[in-house]
Amino acid sequence: MVSVGVPARVAPGGSLAVTITARNTGTTTCTASAVKLAFTGEGTWSGATLTLAAATKTNQIGTFSGTLGASKQIGTYPLWWRAQSTGVPFGPSIAAATEITCSDGAFCNGDERSVNGKCVTGPAPCDDGQACTIDLCDDPSGVCAHQLTGGSCLSCAVKNCNPNCHGAPCGDDGCGGSCGSCAVGQVCSAGACVVADIPGTCSTPLPIVAGADPNVALAPGFYVATGDTTDGFNEAVPTCNSASTAQEKIYQLVVDQQMGLDAQSYDFDTVLHVRTGGCGGATIGCSDDSAPSGAYGSHVAVMLNPGTYYIIVDGFDDHSYGPYHLALRLVAGCLPQCDGKFCGDDGCGGTCGDCGVGQICSAKARCISDPCKPVCQGRQCGSDGCGGICGTCQVGKACEEFSGACKNIAACNNARPVCPTKCASTEYCGSDCVCHRSRDPRPDLVVNKIRLLCDNQGIQAGWSDLYGNALDCQWLDVTGIPSGNYQLRVSLNPSHAFEEASFDNNTATVPVTIP
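Residues in the sequence shown are numbered from 277 upward in steps of one, following this note's numbering.
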């Protein structure tokens, strides 16, 4: 039995009090002069070896304690100890971790950062810069809120925007708000409340097969429907993108036996959802972006029991609409396994897609030329054009996909950042090893309550998601950056706040061309 008491943080150059208790499972008494916990962790710590407080007999619990002196280098540090008896190690290692940081752990008093070896308090995280609001901060949750002191909330939020509905009973007021809502059975179209009864609406869903009766059950097979959401209405909000206000087209599907449904929608940035119990009923499948079909298309695979379902071709946002394809595969008693596959076996006796003339399905379920001749002449790395790579770059270099050359990249230990040049007296060294102004807030500390407390955030392991470039944080401002080829590097979990099996694959580099 071992218990470890290590504070989660310590100030640069500060003292870290550590207490470890362990039961003596040996056959002899452990004496303070003979037994100690020798430090084997990372970093430079003074006094890291822990001494036994008193002699501990067999089956008794002994206490090891000490005070570690921290270095000035901020970052996260794994701490390890192993018991030694007269210098000979025995027993398993004892693990802990701490962070050398200027942060005191409190959210509302500002983010402290190290500036030239001294801890300096950063700006208040909840200051929205608006004179017409009272900024509120909840320290336990790390969430900001803003109360209006007077006037219009919307006009304050959009810097004195004046809402104007021009007599319209519904629709956008020009300031991010609404002019009103329509009665049940009606939808807002161009600022007017209209009855939603055209084909492709909740009251009049489309058949999968054009001209067929949507109430007649479909047989197993492959079906393709085409349409256009431009003249559709926004009646159903997809659960996997609750912020969408895009218009959609709704299809009715009836099955009279258990069926595996593999559905794809594509041609614009679609969101595909499948519901039961009406187009506003329970969601049984929803996809924002997926491969296949890729290119912002969507893919849902669900097992259906006999009944009536509604397949809704939606959009990512109100800028996402237009002509589309809806491709469905219905397989009796079997759910096709085509996630991530563009061709190859679907596990139900069919295929996930057929390759064209002169192509073959690769081991990665992608269609490639047949025969495919790898092209690596003059390339050190990158794709060989046949699903393979021409080589890998050594540590400290990144592959430039355009040329296939290995380029030098600046090394940065995100867990313990060191800037290559000394930061100015008004700057701090960030986790990206770049100097930043000490008075600027860190992006992850400017908390927006509405954005961060939404439902349905996050994805499951093994899945990915794509977001439209109009969404905040999905674009970079390259104003003033010269034209050319660049390497865009993204690091995940740089502070190692989340435990992982390995931190070695947390950085990705992609080529970017600025024309």
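Even for Gly, the Cβ is constructed at its ideal location relative to N, Cα and C.
Rounded separation between residue i and residue j - CA only
{"i": "Gln-733", "j": "Gly-634", "result": "Bear in mind that a pLDDT of 48 at Gln-733, under 50, signals an unreliable position, so the number given afterwards is only what the model happens to contain. Going by the C-alpha atoms only, they are around 42 Å apart."}
{"i": "Pro-514", "j": "Gly-508", "result": "15 Å"}
{"i": "Lys-649", "j": "Ser-659", "result": "12 Å"}
{"i": "Ala-459", "j": "Asn-517", "result": "24 Å"}
{"i": "Ala-687", "j": "Val-788", "result": "19 Å"}
{"i": "Asn-761", "j": "Ile-790", "result": "6 Å"}
{"i": "Thr-785", "j": "Arg-765", "result": "4 Å"}
{"i": "Gly-536", "j": "Asn-690", "result": "45 Å"}
{"i": "Asp-621", "j": "Tyr-499", "result": "19 Å"}
{"i": "Asp-753", "j": "Ala-346", "result": "39 Å"}
{"i": "Gly-281", "j": "Thr-297", "result": "9 Å"}
{"i": "Gln-540", "j": "Pro-475", "result": "21 Å"}
{"i": "Gly-629", "j": "Phe-618", "result": "5 Å"}
{"i": "Thr-697", "j": "Cys-709", "result": "9 Å"}
{"i": "Ala-308", "j": "Gly-338", "result": "10 Å"}
{"i": "Ser-379", "j": "Ala-284", "result": "11 Å"}
{"i": "Leu-716", "j": "Gly-386", "result": "Here residue 716 turns out to be Asp, not Leu, going by the sequence shown. Distance between the alpha carbons of Asp-716 and Gly-386: 11 Å."}
{"i": "Val-396", "j": "Leu-292", "result": "20 Å"}
{"i": "Ala-512", "j": "Pro-496", "result": "27 Å"}
{"i": "Val-364", "j": "Thr-374", "result": "27 Å"}
{"i": "Asp-593", "j": "Cys-469", "result": "21 Å"}
{"i": "Val-314", "j": "Val-419", "result": "The amino acid occupying residue 314 in the given sequence is Ala; Val does not appear at that position. Roughly 42 Å between the two C-alpha positions."}
{"i": "Gly-661", "j": "Thr-755", "result": "33 Å"}
{"i": "Cys-478", "j": "Pro-439", "result": "31 Å"}
{"i": "Ala-823", "j": "Asp-646", "result": "In the structure as shown, the chain begins at 277 and stops at 791. Residue 823 is therefore absent and cannot be evaluated."}
Contact under 8 Å by Cβ, residue i with residue j
{"i": "Leu-328", "j": "Lys-348", "result": "no"}
{"i": "Tyr-353", "j": "Glu-388", "result": "no"}
{"i": "Ile-370", "j": "Val-278", "result": "yes"}
{"i": "Val-286", "j": "Ile-376", "result": "yes"}
{"i": "Cys-402", "j": "Asp-415", "result": "no"}
{"i": "Asp-615", "j": "Ala-577", "result": "yes"}
{"i": "Thr-305", "j": "Thr-332", "result": "yes"}
{"i": "Ile-685", "j": "Gly-706", "result": "no"}
{"i": "Cys-446", "j": "Gly-467", "result": "yes"}
{"i": "Gly-591", "j": "Ser-520", "result": "yes"}
{"i": "Val-589", "j": "Thr-505", "result": "yes"}
{"i": "Cys-666", "j": "Cys-652", "result": "yes"}
{"i": "Trp-357", "j": "Thr-316", "result": "yes"}
{"i": "Tyr-597", "j": "Ser-569", "result": "no"}
{"i": "Cys-413", "j": "Phe-383", "result": "yes"}
{"i": "Leu-580", "j": "Gln-523", "result": "no"}
{"i": "Gly-342", "j": "Gly-367", "result": "no"}
{"i": "Ser-714", "j": "Gly-398", "result": "yes"}
Sequence-distant residues of the same chain with beta carbon closer than 6 Å to residue i, five excluded per side
{"i": "Gln-336", "result": "Asn-300"}
{"i": "Ala-372", "result": "Val-280, Val-282 and Leu-355"}
{"i": "Ser-638", "result": "Ile-644 and Gly-663"}
{"i": "Gly-561", "result": "Val-550, Val-576 and Val-578"}
{"i": "Gly-456", "result": "Pro-445 and Cys-446"}
Own chain residues within Cβ distance below 8 Å of residue i, not counting five before or after
{"i": "Cys-610", "result": "Gly-536, Gly-623, Cys-624 and Gly-625"}
{"i": "Val-532", "result": "For the record, residue 532 in the displayed sequence is Asp; it is not Val. Excluding sequence neighbours, Asp-532 sits near Ala-493 and Pro-582."}
{"i": "Ser-465", "result": "Phe-509"}
{"i": "Ala-486", "result": "Ala-501"}
{"i": "Leu-482", "result": "Pro-475, Gly-476, Pro-490, Ala-501, Gly-503, Lys-525, Ile-526, Tyr-527 and Gln-528"}
{"i": "Ala-641", "result": "Gly-616, Lys-617, Phe-618, Cys-619, Gly-620 and Cys-628"}
Residues near residue i by beta carbon distance below 7 Å, same chain, minus five either side
{"i": "Ile-484", "result": "Leu-494, Tyr-499, Ala-501, Tyr-527, Leu-529 and Leu-604"}
{"i": "Cys-675", "result": "Cys-657, Gly-658, Cys-669 and Cys-682"}
{"i": "Thr-480", "result": "Asp-473 and Ile-474"}
{"i": "His-712", "result": "Glu-703, Tyr-704 and Gly-706"}
{"i": "Ser-767", "result": "Asn-690, Asn-782 and Thr-783"}
{"i": "Val-471", "result": "Gly-461 and Gln-462"}
{"i": "Thr-627", "result": "Cys-619, Gly-620 and Asp-621"}
Beta bridge counterpart(s) of residue i as assigned by DSSP
{"i": "Asn-684", "result": "Lys-673"}
{"i": "Ser-309", "result": "None, per the DSSP bridge assignment."}
{"i": "Asp-414", "result": "Val-419"}
{"i": "Pro-599", "result": "Asp-504"}
{"i": "Lys-394", "result": "Val-391"}
{"i": "Lys-525", "result": "Val-589"}
{"i": "Pro-439", "result": "Pro-439 is not bridged to any residue."}
{"i": "Thr-339", "result": "Thr-297"}
{"i": "Ser-454", "result": "Asp-448"}
{"i": "Asp-621", "result": "Thr-627"}
{"i": "Ala-577", "result": "Asp-538"}
{"i": "Cys-711", "result": "Cys-705"}
Below-8 Å beta-carbon distance, residue i vs any chain D residue
{"i": "Val-576", "result": "Structure shown: chain D not included; a single protein chain is present."}
Could you say if the region 551–562 and the region 571–587 meet the contact criterion of at least three C-beta pairs nearer than 8 Å? yes
Specify whether the region 439–457 and the region 536–549 touch according to this definition: at least 3 beta carbon pairs, one from each stretch, less than 8 Å apart. no
Taking one C-beta from the region 522–539 and one from the region 597–616 each time, how about it: are there three or more such pairs within less than 8 Å? As far as the Cβ criterion goes, the region 522–539 touches the region 597–616, which means the pair count is three or higher.
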